[in-house]
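Enquirer: This is the structure I have questions about; it appears just below.
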Amino acid sequence: MDATVFVDEMKIWTERRKALLAELELAEQETIETVSPEPGLLTPDLGRVYREKVEQPTAAFEDNALKAQAFDRLRALIEAVVLTPESDDLAIELRGELVSMLSLCAGA
2 MDATVFVDEM
12 KIWTERRKAL
22 LAELELAEQE
32 TIETVSPEPG
42 LLTPDLGRVY
52 REKVEQPTAA
62 FEDNALKAQA
72 FDRLRALIEA
82 VVLTPESDDL
92 AIELRGELVS
102 MLSLCAGA
């Protein structure tokens with residue numbers, strides 16, 4: 002085989018490889034942008050999310066102008082409150098994002 006033919010083929014192969022890698026990277030980025038995480042999966046920055054969702058409303062409760070917004074944010078973290086009679090007591094079950102965050106913190 003002539004060396005120039007080999008070099009030319011290697012150049013063609015290298016260019017094709019670069020094009021395929023670029024296509025792969027683009028497809029990967031598009032997938033990341035369009036695919037939402039499965040429900041229930043934790044985000045890597047859960048601590049930051051929790052702080053933002055809890056600290057801001059907590060501070061807002063002190064400001065009369067922001068109280069309504071603070072209550073709305075807190076309500077968004079609680080999907081439901083279920084009250085169930087048990088003997089002479091009443092069991093309270095919270096459902097929603099807040100429960101997931103608190104459970105994770107309790108297990109840590």
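If you're matching positions, the sequence shown starts at 2 in my numbering and goes up one per residue.
Glycine is no exception: its CB is placed at the ideal position from the N, C-alpha and C atoms.
On the premise that residue 81 lies in contact with residue 97, defined as a C-beta separation below 8 Å, what is that separation, rounded to the nearest angstrom?
Expert: Here residue 97 refers to the residue found at position 96 when the sequence shown is read from its first residue. Here residue 81 refers to the residue found at position 80 when the sequence shown is read from its first residue. Confirmed, about 7 Å.
Enquirer: Consult DSSP for residue 87 and reduce its assignment to one of helix, strand or coil.
Expert: Taking the sequence shown and counting its residues from 1, one reaches residue 87 at position 86. Under the three-state reduction of DSSP, residue 87 is assigned to strand.
Enquirer: At the level of alpha carbons, what is the spacing between residue 67 and residue 19?
Expert: Your numbering for residue 67 matches position 66 in the sequence shown. Your numbering for residue 19 matches position 18 in the sequence shown. Approximately 54 Å, taken between the alpha carbons.
Enquirer: Round the Cβ separation of residue 84 and residue 91 to the nearest angstrom and send it over; I've been treating them as touching at under 8 Å.
Expert: Here residue 84 refers to the residue found at position 83 of the sequence shown. Here residue 91 refers to the residue found at position 90 of the sequence shown. Contact between residue 84 and residue 91 is confirmed by a C-beta separation of about 6 Å, below the 8 Å threshold.
Enquirer: With DSSP collapsed to three states, give me the class of residue 63.
Expert: Reading the sequence shown from its first residue, position 62 is the one you call residue 63. Residue 63: coil per DSSP, three-state reduction.
Enquirer: Where do the N-terminal and C-terminal ends of the alpha helix (DSSP H) with residue 46 fall, by residue?
Expert: If you number the sequence shown from 1, residue 46 lands on position 45. Per DSSP, residue 46 belongs to no alpha helix (DSSP H) and is neither H nor E.
Enquirer: Measuring CA to CA, which of 21, 50, 14, 17 is closest to residue 78?
Expert: Position 77 of the sequence shown, counted from the first residue, corresponds to residue 78. Among 21, 50, 14, 17, the Cα nearest to that of residue 78 is on 50.
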